[in-house]
Amino acid sequence: MKTIIGRSSDFPQSLETALAEYRYKIFIDRLGWELPARDGMERDQFDHAGALYVVGQEPSGAICGCARLLPTTAPYLLSEIFPYVLNGQPVPRSPEVWELSRFAAAPLAVDAALDSADNARCLLAAAVRAAKEHGAARLITVSPLGVERLLHRMGVHAHRAGPPVLVDGKPVFACWIEIDAQTCGALGASETGAGKRTPALALRAFPARRNAGLSVL
Amino acid sequence: MSTNHPTCLGRSSRFPIMSPDGYLRMRFVDLCGLTFVHLFSSYDETLLDALHTEGVCAATAGISEWKSETDPEVSLGWDWFVDSSSGRLLPVRKGVRSNLMLLDAKGYDLGPGATACLCAAWLGVFEWQPTVAGAVRSVEVPVKSASFENTGPTL
């Protein structure tokens, strides 16, 4: 899997459209989430100029993963929609905290020869690198419970902010992901100097890393 | 809260301390003194498949979530399975997750790994099995956990 990072203004229109269509197929079609959609594309009010995207692509160019990074210094998903999952803690508002949302690493083709767990690790590594380059020291994310197990399997330094709550009948929770040596080491996301910003972020591609097999337990 | 700066608990505190990093900090002895409320338990077919891949003889498997009766709330969740041969309900190794950071006697962080190990040890003396068995008994058919178990997703 190849990963591409940028803002929507950096992407060709075809890629931006393909990303919205991928999100529709994954989050709405397959997962059944109730999200705003139009013409087979999923976008919400947080898909704005400040959002940073990580897009995973198969060798064919088909999208097989996505992630969205939002600065917490502006309204974001957790602050506006899910503040109650924070167990009474104040909503983070810091240039060192970014929100990871719309994260999924799965090919659309059922016969795609991709290791989904490996892809998830690659995609998360790219997201962590991108967030770090924009000054992030930690990520916050609202996720189904299975994500916590996934992150721990990866060896990522992740911890819940509080008890899970039911959203549309399914348990979700707020999860912190510390961008520290443990996380960067687990993901192979090199520590190139915490907090350094890349000027004028343009479309950049990160090749997928090969990983050893994951331990399940 | 850095591991280089001990939490000033003084004598043992009965209540967890919320830190800026989102961890609730307390000593293991204080964890043992808390009362926990069961939130929910459910089957998890994806976990069962994973256990079978690892060679674990599990008849069924699932998750269980609890929280403490404190403010702020300690959140503890763990994976469990029913051993095929004995029928006993057992916790999955390395399957405990929480918002806790346990401290040593001097108030320094034990770290995520040691905290998880101690929470797993606490599970060994906490009578959770009857509650979980009763909770999942009403679930007729084990269902797959959320799709893309290995791939996210986040909201």
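Chains as they are written, first to last, in the numbering used here: chain A, 47 to 263; chain B, 4 to 158. Cβ coordinates follow ideal geometry from the N, Cα and C atoms, glycine included.
query	result
Using only alpha-carbon positions, find the residue among R175/A, P129/A and Q91/A that is nearest to R148/A.	Q91/A
Using 10 angstroms around the beta-carbon of H94/A, count the other beta-carbons present and answer buried if the total reaches 16, otherwise exposed.	exposed
Give the single residue among G96/A, L65/A, I223/A and G78/A whose Cα lies nearest to the Cα of K216/A.	G78/A
Restricting to Cα atoms, I'd like to know which of T56/B, L103/B, G36/B and L113/B is closest to D24/B.	L103/B
Kindly list the residues whose CB is nearer than 7 Å to the CB of D75/A, restricted to its own chain and excluding five residues on each side of it in sequence; keep chain order.	none
Could you compute how far the alpha carbon of H41/B sits from the alpha carbon of P141/A?	37 Å
Can you find a C-beta in chain B that's less than 8 Å from the C-beta of E194/A?	yes
Within the 8 Å Cβ cut-off, does G86/A reach chain B?	no
Work out the CA separation of P58/A and K242/A for me, nearest whole Å.	Only weak support is given to the placement of K242/A: the predicted model assigns it a pLDDT of 36, under 50, and the value that follows is read from those uncertain coordinates. Cα to Cα, the separation comes out at about 27 Å.
When burial is assigned at 16 or more other CB atoms within 10 Å of the CB, is K70/B buried or exposed?	buried
Around the Cβ of G86/A, are there at least 16 other Cβ atoms within 10 angstroms (buried) or fewer (exposed)?	exposed
Mind checking G127/B: buried by the 16 CB within 10 Å criterion, or exposed?	exposed
L191/A and I223/A - do their beta-carbons sit closer together than 8 Å?	no
Under a CB-based cut-off of 8 Å, is V218/A close to chain B?	yes
What in chain A is Cβ-close to I20/B, meaning under 8 Å?	Those within 8 Å of I20/B in chain A number zero; the least Cβ separation is about 13 Å.
From the DSSP output, read off the bridge partner residues of V218/A.	P190/A and V211/A
Between the stretch 166 to 184 of chain A and the stretch 225 to 233 of chain A, are three or more C-beta pairs nearer than 8 Å?	yes
Give me the subset of the stretch 112 to 146 of chain A whose CB atoms are less than 7 Å from a CB atom of chain B, sorted by chain position.	L123, N133, G134, Q135 and L146
Out of E57/B, C122/B and D52/B, state which residue places its alpha-carbon closest to the alpha-carbon of V32/B.	C122/B
Beta-carbon of H94/A versus every beta-carbon of chain B: anything under 8 Å?	no
Using a Cβ-Cβ cut-off of 7 Å (strictly less than) and excluding sequence neighbours within five positions of V202/A, which residues of its own chain qualify?	I223, T229, A232 and L233
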